[in-house]
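Worksheet: the structure to be examined is printed underneath.
Number of protein chains: 2
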Amino acid sequence: MRIAEPTVERLIKYHRLLISMKQGNSSVVSSRQIGDMLGIKASQVRKDLSYFGEIGKPGVGYHVERLCEHIEQILSSPKVWSVALVGVGNLGMALMGHSVFQSYKFEVKALFDVDPEKVGQNIMNIHCWHIDDIARVMKENDIEVVILAVPAVEAQTCIDKAISSNTLKGVLSFTQAPVILPKGVLFYAVDVFVELEKLLFFLKEKERNIS
Amino acid sequence: MRIAEPTVERLIKYHRLLISMKQGNSSVVSSRQIGDMLGIKASQVRKDLSYFGEIGKPGVGYHVERLCEHIEQILSSPKVWSVALVGVGNLGMALMGHSVFQSYKFEVKALFDVDPEKVGQNIMNIHCWHIDDIARVMKENDIEVVILAVPAVEAQTCIDKAISSNTLKGVLSFTQAPVILPKGVLFYAVDVFVELEKLLFFLKEKERNIS
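From first to last, the protein sequence lines are chains L and F.
The numbering of the first sequence is the numbering used here, which starts it at 1 and goes up by one.
The numbering of the second sequence is the numbering used here, which starts it at 1 and goes up by one.
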């Protein structure tokens, strides 16, 4: 069974919401509540969940804890991924400080930078290497995933070094630069400014409609 | 004419691509080339552009510079938005260092934080105030947009202060916390870790299909 990307994205969002509901001691939730909180249609929520065999009780809803565990199982990985963070500037540090970075799904095994004040040091207990060592360190530690948080001009150089490790399987990029990757290496990008542009566009549209 | 959000997002991506093509001295581009570079179907590109009256020349494509200007015009705003950045930690600093932050579409008029080493200082030529001053400073400077880069637990407190300025029209949030806003205030969120979760999910699926 192949799950489409938008469905996976919604599952991730359902999962997060259910975790926070569990912490808030909610025991049941309706498709409408889930939908309202995530900005997704209730019918879409029901469709997604029924696809995985979850049928809410009419007039009651879904059992929060059971649903949460079920989605967790779908999203879970049989192994812990070894990750390298390339670029330990402000953005890299912000990522490392985020609670998701203490995930059980992956382990950051190495940091890379060019800053002489960082190279050779341990940062939050992880060793920082020079980017010239990417290929060797990735190979030695069987690192399959790279999180790229370098300036746009450095992106392709770093990726090329990671490719030559022969262990690279996936890249999560925070730079706006397009990068060239071999077929078979998965690539996801976070573009922090598309949302800002969208916000400004719809603000403009709204003002135009009012005036 | 009301343009749907996914269309706006694609327009923003077309626009960026066209800017970089202009810089690279490309003069024509086909819908297929645009589609390939952005991971969008060529038929979708043609549909989007024809909706705005742009018909590519068969066998040649679109005129890069003219198309770029046309999309710029659609996306452009008649005014420069005044923005406040709330939270000047690693993430806030990473945002400020980004080239998009030197946009002609908005101006960061004020920074807010609680760190005594930052409050009262100018950071990259912008004054940093204590978050207790959010409402007053926003009102005095007619700041309509807030970029939120604070820890999740602080998010609602900061938003409440921004709401009480009575000038708030839009929020771009970088925290994972859900926030409650009055109707009419636009809200967009950047979730840097959904993409990471997606990457790990599809890596897992891929390995499962190989083995």
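Every residue, glycine too, gets a C-beta built ideally from N, C-alpha and C.
Treat the numbers as computed from the prediction; the structure is a model and nothing was measured.
When the distance is taken between beta carbons, is residue j closer than 9 Å to residue i?
i	j	result
V11(F)	D48(F)	Residue identity check: residue 11(F) is Leu in the sequence provided, not Val. Against a cut-off of 9 Å, the Cβ pair of D48(F) and L11(F) comes out as a contact.
L199(F)	G170(L)	yes
I131(L)	M96(L)	no
C128(L)	F106(L)	no
V150(F)	F174(L)	no
L18(F)	I74(F)	no
S82(F)	K109(F)	yes
S30(L)	Y51(L)	no
L168(F)	A162(F)	yes
I40(F)	K13(F)	yes
C158(F)	V100(F)	no
L186(L)	L203(F)	yes
S165(L)	K183(L)	no
V145(F)	L172(F)	yes
I134(F)	Q156(F)	no
Can you name the start and end residues of the alpha helix (DSSP H) that residue i belongs to?
i	result
L196(L)	194-210
I40(L)	Where I40(L) is concerned, there is no enclosing alpha helix (DSSP H), given that its DSSP letter is neither H nor E.
L67(F)	64-75
If you run the structure through DSSP and keep just helix, strand and coil, what is residue i?
i	result
E144(F)	coil
E9(L)	helix
I34(F)	helix
I161(F)	Ile is not the amino acid found at residue 161(F); the sequence shown has Lys there. Of the three classes helix, strand and coil, the one that applies to K161(F) here is helix, per DSSP.
H130(F)	strand
L49(F)	helix
I3(L)	coil
V100(L)	helix
I55(F)	coil
I19(L)	helix
V153(L)	helix
V119(L)	coil
V137(L)	helix
Residue range of the beta strand (DSSP E) that residue i falls in?
i	result
E107(F)	106-113
A94(F)	Segment 90-97 is the alpha helix (DSSP H) holding A94(F); no beta strand (DSSP E) there.
V83(F)	81-86
L172(F)	170-173
F187(L)	186-189
Report back the beta-carbon spacing between residue i and residue j to the nearest angstrom; my notes put them in contact at under 8 Å.
i	j	result
E205(L)	V190(F)	Rounded, the Cβ-Cβ distance is 20 Å, inconsistent with contact.
A94(L)	L148(F)	Actually they are not in contact, since the Cβ atoms of A94(L) and L148(F) sit about 14 Å apart, beyond 8 Å.
V80(F)	V60(F)	No, V80(F) and V60(F) are not in contact; Cβ-Cβ is about 37 Å, not under 8 Å.
V45(F)	I55(F)	Their Cβ separation, rounded to whole angstroms, is 12 Å, which puts V45(F) and I55(F) out of contact at 8 Å.
Quick check: does the Cβ of residue i come within less than 8 Å of any heavy atom belonging to the ligand NAD?
i	result
K169(L)	Among the ligands in the structure shown, none appear at all, so the ligand NAD cannot be discussed.
Between residue i and chain B, is any beta-carbon pair separated by less than 9 Å?
i	result
D133(F)	Absence of chain B from the displayed structure is noted, the protein chains being L and F.
Residues in the stretch 8-24 of chain L having any Cβ partner in chain F nearer than 9 Å: For the stretch 8-24 of chain L, the residues whose beta carbon sits under 9 Å from a beta carbon of chain F are, in order, V8, E9, L11, I12, K13, H15, R16, L17, S20.
Residues of the stretch 36-66 of chain L in Cβ contact with chain F at a cutoff of 7 Å, in chain order, please. Considering only beta carbons, the part of the stretch 36-66 of chain L lying closer than 7 Å to chain F consists of M37, in chain order.
When you check each C-beta in the stretch 186-202 of chain L against every C-beta of chain F, which residues fall closer than 9 Å? So the close ones are L186, F187, Y188, A189, V190, D191, V192, F193, V194, E195, L196, E197, K198, L199, L200, F201, F202.
Given a limit of 9 Å on CB to CB distance, which residues of the stretch 86-99 of chain F reach chain L? Here the close residues are G89, N90, L91, G92, M93, A94, L95, M96, G97, H98, S99.
Proximal residues, the stretch 116-144 of chain L versus chain F, C-beta separation under 7 Å: For the stretch 116-144 of chain L, no residue has a beta-carbon sitting nearer than 7 Å to a beta-carbon of chain F.
Residues in the stretch 66-78 of chain L with C-beta within 9 Å of chain F's C-beta atoms, listed in sequence order? Cβ contacts with chain F: I74, L75, S76, S77, P78.
Scan the stretch 158-173 of chain F for residues whose Cβ lies nearer than 7 Å to a Cβ of chain L and list them as they occur along the chain. For the stretch 158-173 of chain F, the residues whose beta carbon sits under 7 Å from a beta carbon of chain L are, in order, K169, G170, L172.
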